[in-house]
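Input: a single structure, listed below in structure tokens.
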Amino acid sequence: MNSTSSGIEKQHPGTAKTSAPHHQGALVGERRPAAQCTQRPRTGIVPGWEHGPAGSMSADVAVSLAVLAGIVVLSDVTRRLLARALADTGLSEYVVELVSTFQLCCCTHELKLLSEVGGIEPGLALTFTYLASVVHGLTFSGAIGNPSGALERAYHAKLSGSRALRRIACQFAAAAAARAAVPRLWGVGLSRLHARHKLFGFRCTSPIHAPLHEAAAVELACAFAVQTVITHTQSVQEKFRVHAVAAVITTAVYAGGSVTGAVFNPALAFSTQFPCGGHSFLEYCVVYWLGPLLGMMSSVLLFDKLVPALSTKPSPRHLPTESKKKA
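If you count the sequence shown from 1, position 261 lands on 261 in the UniProt record's numbering, and the numbers rise without skipping.
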């Protein structure tokens, strides 16, 4: 919902700020962000589900949208109340990080279920990815939601190393909490989709459909693209910037979703992809942790070091003397 990845910030009423997820992903944010997979559902998980009545699918989509809205509203209320209560303690930024990353992961779980199991059209899944990325960007209140983004800020001295590490710890704690909480929500059976998913034990399969080096390269490229647009839209007004980042997140999901799910957010991947069978923990680390980290670093080093070095023209040792020519 990555997202996911380095962040979008603006001043929020009070002491809060707003930041786009580094997804999806993200993002992102983001957080996808957001549902970060556009391939058709794997029928081995829920046999015949994609051939269900159109009315049932519409009802499932409506319920999922209501769930998403509820998650965002509850997260926003919790974030505001806790940030206000802890404003003088120095802990508000970590609470905001925790709640925002939890929001990102929960929303992405629901959108991933709609896309992979619910069988919604890829175009509709991408639309939801875009909208979710915008919503996360407008509600994150200064949270980063992406470990790569926290490391990028530490590199640029926007965060101290200890603060960045504490934020990353909050992100992974929120990812683990969402990973445990979402199946309980699905277990209530609010929709036919939730009930069927519960019947099959909330199983999911690995979204990696390529050799590991290719999958890691896809995650690297997605993270590179999102980090680059975040870097180059610093001066853009927030109301336009969130849409620019969301558009890049959605494009990355479209391009890489069928290969890896296009998460490009280590914390989000830990919540949504690591529980799925098909690959080992180490293999997931290579694709979803190392890939996005290298993508972020490549973008930062390219535009911080390489491009400025290439664009700097050496000054001439001697100024041209027009007087000599005239003489």
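The C-beta atom is built at its ideal place from N, Cα and C for all residues, glycine as well.
Can you check DSSP and say which residues form a bridge with residue i?
{"i": "T129", "result": "The partner list for T129 (beta bridge, DSSP) is empty, contrary to what the question assumes."}
{"i": "G277", "result": "T205"}
What does a CB cutoff of less than 8 Å around residue i pick up in its chain, not counting 5 residues either side in sequence?
{"i": "T78", "result": "V99"}
{"i": "V236", "result": "A244"}
{"i": "P13", "result": "Only weak support is given to the placement of P13: the predicted model assigns it a pLDDT of 41, under 50, and the value that follows is read from those uncertain coordinates. Nothing listed; no residue qualifies."}
{"i": "T89", "result": "none"}
{"i": "I71", "result": "Q103, C106, C107, E110"}
Is the Cβ-Cβ distance between residue i and residue j less than 7 Å?
{"i": "S298", "j": "F200", "result": "no"}
{"i": "A132", "j": "C107", "result": "yes"}
{"i": "P292", "j": "F270", "result": "no"}
{"i": "V96", "j": "S141", "result": "yes"}
{"i": "L126", "j": "Y254", "result": "yes"}
{"i": "T228", "j": "Y130", "result": "no"}
{"i": "S94", "j": "R179", "result": "The amino acid at residue 94 is misidentified as Ser; the sequence shows Tyr. In this structure, R179 does not lie closer than 7 Å to Y94 by Cβ."}
{"i": "V182", "j": "H109", "result": "yes"}
{"i": "S75", "j": "Q103", "result": "yes"}
{"i": "A154", "j": "G161", "result": "yes"}
{"i": "V242", "j": "G137", "result": "yes"}
{"i": "P275", "j": "W289", "result": "no"}
{"i": "G257", "j": "T205", "result": "no"}
{"i": "K112", "j": "T272", "result": "yes"}
{"i": "residue 328", "j": "C222", "result": "Examination of residue 328 is not possible in this model, given that the chain is present from 1 through 327 alone."}
{"i": "E152", "j": "M296", "result": "yes"}
{"i": "A175", "j": "A164", "result": "no"}
{"i": "F128", "j": "T231", "result": "no"}
{"i": "V134", "j": "A246", "result": "yes"}
DSSP three-state label for residue i, please.
{"i": "T205", "result": "strand"}
{"i": "H156", "result": "coil"}
{"i": "L294", "result": "helix"}
{"i": "V117", "result": "coil"}
{"i": "P122", "result": "helix"}
{"i": "F140", "result": "coil"}
{"i": "Q237", "result": "coil"}
{"i": "residue 357", "result": "Missing from the structure shown is residue 357; the chain here goes from 1 to 327 and no further."}
{"i": "T78", "result": "helix"}
{"i": "Q24", "result": "Per-residue confidence for Q24 stands at a pLDDT of 45, beneath the threshold of 50, marking its modelled position as unreliable; no derived number is given."}
{"i": "S191", "result": "coil"}
{"i": "D304", "result": "helix"}
{"i": "P183", "result": "helix"}
{"i": "A246", "result": "helix"}
{"i": "F264", "result": "coil"}
{"i": "G145", "result": "coil"}
{"i": "G44", "result": "Because G44 sits at a pLDDT of 38, beneath the cut-off of 50, its placement in the model cannot be relied upon, and the following sentence gives the value as read from the coordinates. In this structure, G44 counts as coil in the three-state DSSP scheme."}
{"i": "D88", "result": "coil"}
{"i": "H109", "result": "helix"}
{"i": "A210", "result": "coil"}
{"i": "T312", "result": "coil"}
Just to confirm my understanding: we take residue i, look at its own chain, exclude 5 residues before and 5 after, and list those with CB closer than 7 Å. What are they?
{"i": "V286", "result": "L212, A216"}
{"i": "G260", "result": "A quick correction: the sequence has Thr, not Gly, at residue 260. Same-chain partners within the cutoff: P207, I208, A215, V218, E219, V287."}
{"i": "G187", "result": "K198"}
{"i": "A177", "result": "F102"}
{"i": "A69", "result": "none"}
{"i": "V248", "result": "A225, V226, V229"}
{"i": "L294", "result": "L220"}
Just to check, is the beta-carbon of residue i closer than 6 Å to a non-hydrogen atom of the ligand GDP?
{"i": "A246", "result": "The model on display carries no ligand, and the ligand GDP is accordingly not part of it."}
Between which residues of its own chain and residue i is the CB-CB distance below 6 Å, once the five residues before and five after are set aside?
{"i": "S92", "result": "A83, L86"}
{"i": "A143", "result": "S19, V96, E97, S100"}
{"i": "I120", "result": "L114"}
{"i": "residue 329", "result": "Because the chain in this structure spans residues 1 to 327, residue 329 falls outside the shown range and cannot be described."}
{"i": "A210", "result": "V259"}
{"i": "S323", "result": "Caution is warranted here: a pLDDT of 49 is assigned to S323, below 50, making its placement in the model unreliable, and the coordinate value is therefore given only provisionally. The answer is none, since no qualifying residue turns up."}
{"i": "A262", "result": "Q36, C222, A252, V253, G256"}
{"i": "T139", "result": "D76"}
Are the stretch 187 to 196 and the stretch 55 to 71 touching, with three or more C-beta to C-beta distances below 8 Å?
The stretch 187 to 196 makes contact with the stretch 55 to 71, as at least three CB pairs between them are under 8 Å.
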